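Trainee:
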Amino acid sequence: MTDSQNFSVGTAKAEAGKWTTGTLTLGHFPDGPITTPVNIACGGKPGPVLWVQSAIHGTEIGGALGILKLFKELDLSQMSGAIVGIMAANPGAFRGYTRNTPLDGENMNRLFPGDPDGPHSRQSANVLFQTAMEVADAVIDTHSGGDGAVVPFYGLYWDDGSPASKTSAKLARAVGSPVVWRSGDDWLKGAMFVNVTLRGKPAVIVECGGGGAMPEEHIDNFRGAVKGVAQTLGILPGEAPTFPKYTEVTECELVFNRQGGYFLPKAEVGDIVEKGTVIAEIMDVYGNIVEEIRSPNGPAYLAALIRPYYPVYSGSMCAECNLVVSR
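Take the sequence shown: its position 310, counted from the start at 1, is 325 in my numbering, and no numbers get skipped.
1. Can you grab the Cα-Cα spacing for the pair V293 / P280, in whole Å?
2. Quick one: measure Cβ to Cβ for C223 and G77, integer angstroms, because I've assumed they're closer than 8 Å.
3. Going by DSSP, what residue range makes up the beta strand (DSSP E) through I309?
4. I55 bridges to which residues according to DSSP?
5. For the stretch 262–336, list the beta strand (DSSP E) runs that are entirely contained and at least 3 residues long, ordered along the chain.
6. Counting pairs of beta carbons, one from the stretch 95–111 and one from the stretch 57–76, are three or more of them closer than 8 Å?
7. Going by the beta-carbon positions, is the gap between S136 and T116 smaller than 8 Å?
8. Using DSSP bridges, identify the partner residues of F168.
9. Taking I304 as the reference, give the member of N312, A295, S310, G62 with the closest Cα.
10. Given this structure, state the Cα-to-Cα distance separating I49 from A206, to the nearest angstrom.
11. Let's test the definition: count the other Cβ atoms within 10 Å of the Cβ of V300 and tell me whether it reaches 16, buried, or not, exposed.
12. Assign E75 to buried or exposed, taking buried as 16 or more other Cβ atoms, counted over all protein chains shown, within 10 Å of its Cβ.
13. Quick one: does K281 have its CB under 8 Å from some CB of chain B?
14. For Q93, write down the residues that DSSP places opposite it in a beta bridge.
15. From which residue to which residue does the beta strand (DSSP E) around A153 run?
16. Only counting the same chain, and skipping five residues up and downstream in sequence, which positions put a Cβ closer than 7 Å to that of N312?
17. Across the stretch 201–217 and the stretch 121–139, are there enough close Cβ pairs to call them in contact, namely three or more that are closer than 8 Å?
18. Helix, strand or coil: how does DSSP classify G47 here?
19. Have a look at the DSSP bridge pairing and note the partners of T40.
20. Is it right to say P167 is buried, meaning 16 or more other beta carbons lie within 10 angstroms of its own, or is it exposed?
21. For the stretch 164–224, list the beta strand (DSSP E) runs that are entirely contained and at least 3 residues long, ordered along the chain.
22. Determine the extent of the alpha helix (DSSP H) in which K242 is found, giving its start and end residues.
23. Please state whether DSSP places G25 in a helix, a strand or coil.
24. Using the Cα positions of G227 and G163, report the straight-line distance between them to the nearest angstrom.
25. What is the DSSP secondary structure of G62, counted as helix, strand or coil?
26. Closer than 8 Å by C-beta to M148: which residues in its own chain qualify, once you throw out the five before and the five after it? Chain order, please.
27. Below 8 Å, how does it come out for the stretch 248–255 and the stretch 316–328: are there three or more Cβ pairs, yes or no?
28. By the three-class DSSP mapping on this structure, what secondary structure does A228 have?
29. Suppose you measure from the CA of W196 to the CA of A97; what does that come to, to the nearest Å?
30. Is G4 near P256, with beta carbons less than 8 Å apart?
31. Should C57 and A31 be called a contact, given that it needs their Cβ atoms to be closer than 8 Å?
32. Where do the ends of the alpha helix (DSSP H) carrying E30 lie?
33. Find out if the Cβ-Cβ distance for the pair D349, P63 is shorter than 8 Å.
Structure representation (structure tokens):
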């Protein structure tokens, strides 16, 4: 376990009972470093270190706002351990306000553990990953639907039966949502939370919101999720809110459209629908409905939908449908 009162993340150095700041260099422009801002809230007593990151997809900023809201409320004298806030895990995507890295077009959250000798995004992913593995006892990666999609509020962990996975399941149930995604999906194997878990440390994703909006409720959800996980780890006093029963979902089928036009949802994220249910339509630029989008599985939890009236091209990933295994 890292000495929670004596560690550094880039230029940010933990100090007992203090909120400190700095930057972590993830790469280099031709004229200088590419850095992410770092906040460290260090308790007056030793304990675990929780790593929380935001904006690995640059338009998904709710996690960073939740971190700041929580940090402003903390009584550091009552903390046992530290919380590291990585505010822009993909600095280029954050500055360009894009999902993927502008320099190479890559989705960084499909590239972990990264490669120190690879292309730009793989190098940045490797620095982020190695730094987190050196200092953190647990990891939260925060996400949303960004500008073009909407997701409900839920926790997600990698379900492989390992000790780290079992602890991750406990943390996913502490984020403040009654919905938990137990993932074993192949398309997520390059995600950071998966690779952290595979190397023996618990990790979860927290999803909430999107659609180009940032209501205070969503910021509060992220704040509460970080607080709940920190309470479960023993970093913060008190007990995380839990539910007597959880909706558990698993295998996710990604849904793609064939026709271009405007996306018209016929269901809402968080709905549970039967296989074959029409969840959206595509309307062309002349007002004609040219395609119905149906759930490919069921009962299916709608874990993501493109936002209403968003223009889509053929082959857009327009929905995530997760098989419901208990509720």
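Every residue gets a Cβ at the ideal spot worked out from N, C-alpha and C, and that includes glycine. Since the model is a prediction, treat every value here as computed from it, not as a measurement.
Mentor: With the given structure in hand:
1. For V293 and P280, the gap between their C-alpha atoms comes out near 9 Å.
2. With a Cβ gap of about 6 Å, C223 and G77 count as contacting.
3. Residue identity check: residue 309 is Arg in the sequence provided, not Ile. Residues 304–309.
4. According to DSSP, I55 bridges with T35, V99.
5. Taking 3 residues as the minimum length, the beta strand (DSSP E) runs contained wholly in the stretch 262–336 are 262–271, 276–280, 293–298, 304–309, 315–321, in order along the chain.
6. Contact holds: three or more Cβ-Cβ distances are below 8 Å.
7. For S136 and T116, yes; Cβs fall inside 8 Å.
8. Listed as beta-bridge partners of F168 by DSSP are no residues whatsoever.
9. Here the closest residue by C-alpha is A295.
10. Using only the alpha carbons, I get a separation of about 21 Å.
11. Exposed: under 16 other Cβ atoms inside 10 Å.
12. A residue is called buried when at least 16 other Cβ atoms come within 10 angstroms of its Cβ; E75 meets this threshold and is buried.
13. Given the protein chain composition of this structure (a single chain), no chain B is represented.
14. For Q93, DSSP assigns no beta-bridge partner whatsoever.
15. Run containing A153: 153–158, per the beta strand (DSSP E) assignment.
16. Cβ neighbours of N312 beyond the five flanking positions: E268, K290, C336, L338.
17. Segments in contact, yes.
18. If DSSP states are grouped into helix, strand and coil, G47 belongs with the strands.
19. In DSSP, T40 forms a bridge with T50.
20. Residue burial is scored here from C-beta neighbours: P167 has at least 16 other C-beta atoms within 10 angstroms and is therefore classed as buried.
21. Correct list: 164–173, 194–198.
22. Note, K242: alpha helix (DSSP H), 231–248.
23. Residue state for G25 is assigned as coil, using DSSP reduced to three classes.
24. Whole-angstrom Cα-Cα distance: 7 Å.
25. The DSSP-derived three-state label of G62 is strand.
26. Non-local beta-carbon contacts of M148 in its own chain, meaning distances under 8 Å to residues more than five positions away in sequence, involve V211, R214, K216 in chain order.
27. The stretch 248–255 and the stretch 316–328 do not touch, with fewer than 3 CB-CB distances between them shorter than 8 Å.
28. Residue state, collapsed to three classes: strand.
29. Straight through space, the alpha carbons of A97 and W196 are spaced by roughly 27 Å.
30. Any answer about residue 4 is impossible in this case: the structure gives the chain only from 16 up to 342.
31. Yes. Within cutoff.
32. It is not in any alpha helix (DSSP H) - E30 carries neither H nor E in the DSSP assignment.
33. Any question about residue 349 goes unanswered here, given that the chain covers just 16 to 342.
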